[in-house]
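Residue 1 is where the sequence shown starts when you use UniProt numbering, and the numbers rise one by one after that.
Don't be surprised by glycine CBs; every beta carbon is placed ideally from N, CA and C.
Small disclaimer: the values here were computed from a predicted structure and weren't measured.
Taking it in order: structure first as structure tokens, then the write-up.
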Amino acid sequence: MTTFERIKKLSKKLDKNLQEVAIEAGLGKNAIYKWQTQNPKAIDLAEVAKVLNTTTDYLLGNTDDPSIPDKKQTITDADLDEMLDNARSFDGKPMTPHDRELIRAYLKGLYDNK
Numbered sequence: 001m002t003t004f005e006r007i008k009k010l011s012k013k014l015d016k017n018l019q020e021v022a023i024e025a026g027l028g029k030n031a032i033y034k035w036q037t038q039n040p041k042a043i044d045l046a047e048v049a050k051v052l053n054t055t056t057d058y059l060l061g062n063t064d065d066p067s068i069p070d071k072k073q074t075i076t077d078a079d080l081d082e083m084l085d086n087a088r089s090f091d092g093k094p095m096t097p098h099d100r101e102l103i104r105a106y107l108k109g110l111y112d113n114k
């Protein structure tokens, strides 16, 4: 499926025609139709993606999932252990188990509050 076809498909799901999508994206009303034969500018494609509530990766065919990924980052205990294993010293001295737990709690708090 081409970029144009993906835009057309998502537009239809939102009950919008391509001219409406183009205008909402700040483009000329027939701009998207030109993308049948021309490559869109990255900035224009990004604006259309916003209007369609999708990603440019989906519109370009890099993924088949049109949904926008959740921006909240999570961290697992394994991730924390790996970080702490890679930082075995603190202030030039080996980390004590107590230091390790303090840093673990701090890092967990940082990621959980994003």
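Cutoff 6 Å; reference residue i; Cβ partners in own chain excluding five residues on either side
i               : result
phenylalanine 4 : Trp35 and Gln36
proline 66      : Thr54 and Tyr58
Residue i, DSSP secondary structure in three states
i             : result
proline 94    : strand
residue 174   : Nothing about residue 174 can be read from this structure; the chain reaches only from 1 to 114.
alanine 25    : coil
lysine 34     : helix
glycine 109   : helix
lysine 16     : coil
isoleucine 75 : coil
Beta-carbon proximity check, residue i vs residue j, cutoff 8 Å
i             : j            : result
isoleucine 68 : threonine 54 : yes
lysine 29     : glutamine 19 : yes
Supposed close pair residue i, residue j - CB separation, criterion 8 Å
i           : j            : result
leucine 107 : leucine 80   : 6 Å
arginine 6  : tyrosine 58  : 7 Å
alanine 31  : aspartate 15 : That pair is no contact at about 20 Å.
leucine 10  : leucine 52   : 4 Å
Own chain, CB closer than 7 Å to residue i, minus 5 neighbours either side, in chain order
i             : result
methionine 1  : Gly61
methionine 83 : Leu107
Same chain, Cβ closer than 8 Å to residue i, neighbours up to 5 away in sequence not counted
i            : result
lysine 50    : Ala25
threonine 63 : Thr55 and Asp57
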